[in-house]
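K.L.:
There are 2 protein chains.
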Amino acid sequence: MSISTTSIEQLSINAIRTLSMDAVQQANSGHPGTPMALAPIVYTLWNKHLKYDPANPSWPSRDRFVLSCGHASMLLYSTLHVAGVKKADGASEPSITIDNIRNFRQLHSPCAGHPEVHEAAGIETTTGPLGQGVANSVGMAIAGKWQAARFDKPGYDLFGFDVYALCSDGDLMEGISTEAASTAGHLKLSNLCWIYDDNKITIEGDTDLAFTEDMPGKFRALGWHVVEVEDANDLEALDAAFTEFKKTTDKPTLIVVKSIIAWGAPTKANTHGAHGAPLGDDEIAATKKAYGWTYDKFEVPAEVYEDFNANLGARGAEAKSKWEADFAKYKKENAEAAATWSSIISGELPEGWDKDIPTFPADAKGVATRASGGKVLNAIAAKLPGLLGGSADLEPSTKTGLTFEGAGDFEPGTYCGRNFHFGIREHAMAAIGNGMALSGLRPYVSTFFVFSDYLRPSLRLSAIMKAPVLYIFTHDSIGVGEDGPTHQPVEHLAAIRAIPNVAVFRPGDSNEVGACYKAAIELTDRPSVMVLTRQNLPTLDREKYACSGNSAKGAYVIADCDGTPEVLLMGTGSELSLVIQAYEKLTAEGVKARAISVPCLELFYEQDAAYQKEVMPCEVTARVAVEAGIQQPWDRVLGFQGKFVGMSSFGASAPADELFPYFGITADHVVEAAKKSIGS
Amino acid sequence: MSISTTSIEQLSINAIRTLSMDAVQQANSGHPGTPMALAPIVYTLWNKHLKYDPANPSWPSRDRFVLSCGHASMLLYSTLHVAGVKKADGASEPSITIDNIRNFRQLHSPCAGHPEVHEAAGIETTTGPLGQGVANSVGMAIAGKWQAARFDKPGYDLFGFDVYALCSDGDLMEGISTEAASTAGHLKLSNLCWIYDDNKITIEGDTDLAFTEDMPGKFRALGWHVVEVEDANDLEALDAAFTEFKKTTDKPTLIVVKSIIAWGAPTKANTHGAHGAPLGDDEIAATKKAYGWTYDKFEVPAEVYEDFNANLGARGAEAKSKWEADFAKYKKENAEAAATWSSIISGELPEGWDKDIPTFPADAKGVATRASGGKVLNAIAAKLPGLLGGSADLEPSTKTGLTFEGAGDFEPGTYCGRNFHFGIREHAMAAIGNGMALSGLRPYVSTFFVFSDYLRPSLRLSAIMKAPVLYIFTHDSIGVGEDGPTHQPVEHLAAIRAIPNVAVFRPGDSNEVGACYKAAIELTDRPSVMVLTRQNLPTLDREKYACSGNSAKGAYVIADCDGTPEVLLMGTGSELSLVIQAYEKLTAEGVKARAISVPCLELFYEQDAAYQKEVMPCEVTARVAVEAGIQQPWDRVLGFQGKFVGMSSFGASAPADELFPYFGITADHVVEAAKKSIGS
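Protein chains in written order, with full-length UniProt numbering: chain W, 1 to 680; chain H, 1 to 680.
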């Protein structure tokens, strides 16, 4: 094994290694082997190449580093510590202290088992579920390309940045990573560099047990430039590889680095035993001896901090200060563009962003909410310059194209476009959305509701990361019709409502669509899910029924009786009109009924108790919920006496008009259920 | 475009095309373009190559044909019709009649919008959600290889078969297909052939919008043999390609076929407008003219039936009858092996299959249910020869390895093994499981519970297809501890319970593990999900508490008071012992409490009302449910007065022992909740 390094380089690298080993040992839990193997890569990247100012970790034009193999979290924490990354822009406290590292994997430590994005500055995304980080990195690279294309002017190179992602066998075995790599190759994202830790070890043993791809060949076929480094300890080769990436201007780069897990550990190196368990005190002592490491546990020699300060720190400070000067000049010459960019990056909604949201006249024949959704989306996007996105090859069906002048397509060569063609790659699409959101944009992604299953792991991460990705899912029930059970969502409303920190909107007519989009855009610390129909829905007469303005409260009384109702009828989406019809029938029969529209259960549950009781009085226990999905999310408001009109099985292939009666989802059944509930 | 064909070949191909066009037009819904383009491929494969007896569509050793691009369903229905496939082995009625085709996409027609496996003989799997069919085909190829390796004897070639899957751009863009292809390449599944319809058209337009991979290069890098056919109408080239597949004995084969969507349609050929909408009467008339087609709508000339009968039919009948003769001879010489194979394929459980399921002595320190699960799984697998499976690179953690003598690994060269190394490819793993189950085996697949999200679309298809795949998910809650929120399931119990036709088991101690495995194996028409802990759980003293035998009823009273209880305490998995502790504390305080173990909510809801009321009497409305997941699935049994002790947010990174109190999941909180519920 060739090792070409000065002693200070080796010392810094070993500081990252030993901090990682010590922390895992102290926690008695974690993954020491990968940090030990990959410290030279991270050292070379951060200290020699990354455009990053440790004093300003939120600088929008910084290069991004993503640790996709999140289980190697100590590699990141150790690096952030020795690199002197600060807690916030201009702060004096470090982002990660030695005490934080001593408390690795303990309650309230920012050094969580896997990196969590808001826990400490310098953590660019939450990783751990394999494949997500590399896919996030594609979204970040897109954000860099898009900002550069949209805002750089001749003579300025202000808004772009490079994105590096370090990944493992596990990342690259997951299907999402091929989807993401295929997308990046297609888009020729030359600002994207993945570094593949080719260590031949997985949890079950040697990768030969399950994984024998020609990785360079595969990536070349996906349109990538590939560089191979034979030894993770060869700093010159690593340096040359990063230089080659920077020189490659027409495609993304994969650097394949052969490494030895737990490098330097006398008995555990190159074994899967070093993957996910502490090395043990004896092995650590022997490894430190092999490194020539003479310092105490958790000790970092002063020279290491100085090394990073003299390289990464000095280079970053200079780059940041040049950027500030250039941006000031740019601002003078391009006041409007600068203001637009600043507004996007701030995440604030500009004055009047919602003023063109259309209203829809009452119309019994009505309009599909996917269609009104498309109109509302366009009206908002025209005012909100950071709102951009697309569909997984279903734009003509989901109606999510931005059609106003200047919207354009995001394609190789036209990186300023706002319409994305994600291809039939739902999972990567959502993870790319996360990467775009983490870069300050407001992405939306779209597919048929049933295929939300394909992207669920990334939606969960939007929720964990509080990333305001807007998910637009159309074709939301058996209303899909002829395509049949594989294409008809039944359990998906329940399943997505189950995820903490997601707001699921299912508007009941086109005016609710407008109100729900407004509410969703205003939620900046969580993903929103917009669930829309394929089929036409009547646009309700809002002179006769309550206006849709209270949609943001999650539920509101849309039609009511005098005095205390005998029964509450509640519904969402395409079933809201059945609720209204049932309300009218019951009222005509002299039954005192209240109709409640429930476009967002989560937001309703977040209202104060007084509002909740106002809408659904505790004393009214006769209740009916109507939704073309399963019952589970409604039990909380139904109690033992309530009845449900909806689905309890998969759907069927037939015209939609026949399926609703076939599955008993009709106004007459709602009336019947109401009477039963009153009588029980 | 070169067309080399005899007139009868062309007539048969055009019969498939015109039936498909007519059916889509009649339904006014569906996908005509792909059947028109690919009819020559299916014709060549079925009539010239497939080992398939139309009179015996369930013959276990038939070659399998999977239409992965399920939206082209009419291609399959038309083919099954003209090929004379019968409704069942030996039946005289056809599987698909012209009337069925006339009722394409109508309620109760077996010709559903997408192929549904149990709707008609000859449909090998349910397809539509893209990428699933190709991944199923890997499972089927595995089943063929495994049966051949396990049961063929020198001089016999009885149990193997080939598997063909026809797939689209959409299939191959989905990440799952790369996972599946990588697995197949690694395993050198030479009995597997994918045919890729390279038509350059997707819904949003030309594939160049989003998809510019070098597909042959990619598949070669994945270990496949690649054959290219320049023209889907070149029957000689297609014939040669299938012959080349059959000659390739060391790897799977991809045949890339360039096609023109809606071939022959004068104005709609080669446009995405022909993908998902009827052609229209005029275009159909013009297309039929271009084909030289002079027959009526839905008419099939007698020569076409004769063509298939003379080729596919004669070849299939001969092969099947030779197989019968050979098998009879084999049976005489290898009675035990023949009986074992027949028993596997019948799906029946052999006498005494469950007799070695271990019981576990009471033990306060206890054992993790993943550990007892591994023991139970081994005890069953040793008696159930068709039970086989593995993990997505987590076997040392999920404890799902089969360790008894003769279990072995399934690897290239040792296809008789029963332990699979699926790699870090959860999604393909589950879809492969579906393919294995559809081939008559009893597969299990395994990963951490949180990563059930990665395979959810395939789990949904297990449920739709009634495929008895056993999902073993360990590390089932915040009990995961230090790995943190990305690795801690919170919403997953709710989300999987939401899927119709799935049984979710979460056993509360090791003896419930045994009872739940027994119940799961006995469910042969649905997938079962086994949810197991990472951490130790006390093994309850079943002398003191009720035995676990009623686990199969979903819920049972495990400890009770005299007379009518004041409060019902119910829980699952790791929280069952908290329920018991709370029961003891309340009892000691003089509160009349009943403890209920609920290992499977779905099975409990399927019991008759009398049993449900016996366990949870209606009049007892003070109730507490305890589960380290979200509340949603419990509302149905809690009503307005019940209380829930569980999770309402994502977890955190810390030792598990600290997390349960941190999130309020303790016996004391259960006691407190019980008192509140009684008091409210």
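Glycine residues also receive a C-beta, built at the ideal position from the N, C-alpha and C atoms.
This structure is a prediction, so every number in the text was calculated from the model and none was measured.
For the region 189 to 218 of chain H, which residues have a beta carbon sitting closer than 7 Å to at least one beta carbon of chain W?
P.N.:
Here the close residues are Thr202, Ile203, Glu204, Leu209, Ala210, Phe211, Thr212, Glu213, Asp214, Gly217, Lys218.
K.L.:
Which one or two residues does DSSP pair with Val49 (chain H) in a beta bridge?
P.N.:
Reading off the sequence shown, one finds His at residue 49 (chain H), where the question assumed Val. Answer is none; His49 (chain H) lacks a bridge partner.
K.L.:
Is the shortest distance between the beta-carbon of Ser677 (chain W) and the beta-carbons of chain H less than 8 Å?
P.N.:
Not closer than 8 Å to any Cβ of chain H, the Cβ of Ser677 (chain W) fails to qualify, so no.
K.L.:
Using the beta-carbon of each residue, which ones in chain W are nearer than 7 Å to Val529 (chain H)?
P.N.:
Within chain W, no residue comes near Val529 (chain H); the closest Cβ sits about 14 Å away, beyond 7 Å.
K.L.:
Kindly confirm or deny that the region 652 to 671 of chain W and the region 260 to 267 of chain H touch, where touching means at least three C-beta pairs closer than 8 Å.
P.N.:
With the cut-off at 8 Å, the region 652 to 671 of chain W and the region 260 to 267 of chain H do not touch.
K.L.:
Just the C-alpha distance for Met647 (chain H) and Tyr605 (chain W), rounded to the nearest angstrom, thanks.
P.N.:
Each residue's alpha carbon lies about 16 Å from the other.
K.L.:
Look at Met530 (chain W) and Val117 (chain W) and say whether their C-beta atoms are less than 8 Å apart.
P.N.:
Not in contact: Met530 (chain W) and Val117 (chain W) (Cβ atoms no closer than 8 Å).
K.L.:
The region 608 to 629 of chain W: which residues have C-beta closer than 8 Å to a C-beta of chain H, in chain order?
P.N.:
Those would be Cys618, Thr621, in chain order.
K.L.:
Taking the CB atoms as reference points, tell me whether Glu177 (chain H) and Val226 (chain H) lie closer together than 8 Å.
P.N.:
Residue 177 (chain H) is actually Ser in this sequence, not Glu. No, they are not a contact pair.
K.L.:
So which of W:Leu576, W:Phe660, W:Ala277 has the shortest CA-CA distance to Phe650 (chain W)?
P.N.:
Per the Cα distances, W:Phe660.
K.L.:
What did DSSP end up calling Arg425 (chain H) once you bin it into helix, strand or coil?
P.N.:
If DSSP states are grouped into helix, strand and coil, Arg425 (chain H) belongs with coil.
K.L.:
Tell me the DSSP bridge mates of Lys258 (chain W)?
P.N.:
Looking at the DSSP assignment, Lys258 (chain W) forms a beta bridge with W:Asp198.
K.L.:
Would you say Leu107 (chain H) lies against chain W (beta-carbon separation less than 8 Å)?
P.N.:
Interface residue, yes.
K.L.:
Please classify Thr414 (chain H) as buried or exposed, where buried requires at least 16 neighbouring CB atoms within 10 angstroms.
P.N.:
The residue is exposed, with fewer than 16 neighbouring Cβ atoms inside 10 Å.
K.L.:
Return helix, strand or coil for Met616 (chain H), following the three-state DSSP convention.
P.N.:
If DSSP states are grouped into helix, strand and coil, Met616 (chain H) belongs with coil.
K.L.:
Do you know how far the Cα of Ser78 (chain W) is from the Cα of His275 (chain H)?
P.N.:
Looking at the two C-alpha atoms, the distance is approximately 53 Å.
K.L.:
In whole angstroms, give me the CA-to-CA distance for Asp307 (chain W) and Gly433 (chain H).
P.N.:
Spanning the two alpha carbons is a distance of roughly 53 Å.
K.L.:
With distance defined between alpha-carbon atoms, name the residue in W:Ala180, W:Leu166, W:Thr248, W:Val229 nearest to Asn191 (chain W).
P.N.:
For Asn191 (chain W), the nearest C-alpha among the options comes from W:Thr248.
K.L.:
Is Met173 (chain H) close to chain W, meaning its C-beta is less than 8 Å from at least one C-beta of that chain?
P.N.:
Chain W, which has a Cβ nearer than 8 Å to the Cβ of Met173 (chain H), makes this yes.
K.L.:
Taking 8 Å as the CB-CB cut-off, is Gly113 (chain W) touching chain H?
P.N.:
Yes - at least one Cβ of chain H is within 8 Å of the one on Gly113 (chain W).
K.L.:
Flag this pair as yes or no: are the beta carbons of Gly679 (chain W) and Gly639 (chain H) separated by less than 8 Å?
P.N.:
In this structure, Gly639 (chain H) does not lie closer than 8 Å to Gly679 (chain W) by Cβ.
K.L.:
Which of helix, strand or coil does DSSP assign to Met36 (chain W)?
P.N.:
Looking at Met36 (chain W) - three-state DSSP - the assignment turns out to be helix.
K.L.:
Work out the CA separation of Val300 (chain H) and Thr97 (chain H) for me, nearest whole Å.
P.N.:
Cα-Cα distance, rounded: 11 Å.
K.L.:
Should Tyr517 (chain W) and Ile345 (chain W) be called a contact, given that it needs their Cβ atoms to be closer than 8 Å?
P.N.:
No, the pair does not count as a contact, with Cβ atoms beyond the cut-off.
K.L.:
Would DSSP call Arg442 (chain H) helix, strand or coil?
P.N.:
DSSP places Arg442 (chain H) in strand when its eight states are reduced to three.
K.L.:
If we ignore side chains and look at the alpha-carbon of each, how far apart do Arg542 (chain W) and Leu19 (chain H) end up?
P.N.:
So the alpha carbons of these two residues sit roughly 48 Å apart.
K.L.:
If we ignore side chains and look at the alpha-carbon of each, how far apart do Met570 (chain H) and Pro358 (chain W) end up?
P.N.:
Going by the C-alpha atoms only, they are around 50 Å apart.
K.L.:
From the DSSP secondary-structure annotation, give me the bridge partner or partners of Pro94 (chain H).
P.N.:
Beta-bridge pairing links Pro94 (chain H) to H:Lys86.
K.L.:
From the DSSP output, read off the bridge partner residues of Asp363 (chain H).
P.N.:
BP columns for Asp363 (chain H) point to H:Thr539.
K.L.:
Please state whether DSSP places Cys516 (chain H) in a helix, a strand or coil.
P.N.:
Helix at Cys516 (chain H).
K.L.:
In the structure shown, what three-state DSSP assignment does Glu348 (chain H) receive?
P.N.:
Three-state result, Glu348 (chain H): coil.
K.L.:
Helix, strand or coil for Thr474 (chain W) per DSSP?
P.N.:
Reduced to three states, the DSSP call for Thr474 (chain W) is strand.
K.L.:
Taking Arg636 (chain H) as the query, report the chain W residues whose CB atoms sit under 7 Å from its CB, ordered along the chain.
P.N.:
The contacting residues are Asp635.
K.L.:
In the region 218 to 241 of chain H, which residues sit with their C-beta less than 9 Å from some C-beta in chain W, listed in chain order?
P.N.:
Listed by position along the chain: Lys218, Phe219, Arg220, Ala221, Leu222, Gly223.
K.L.:
Do you know whose CA, among H:Gly155, H:Glu179, H:Gly160, lies nearest Lys145 (chain H)'s CA?
P.N.:
Looking at the Cα atoms, H:Gly160 is the closest of the given residues.
K.L.:
With a CB to CB cut of under 8 Å and the five nearest residues on each side skipped, what residues in its chain are close to Ala520 (chain H)?
P.N.:
So the qualifying residues of the chain are Leu470, Ala503, Phe505, Ser528, Met530.
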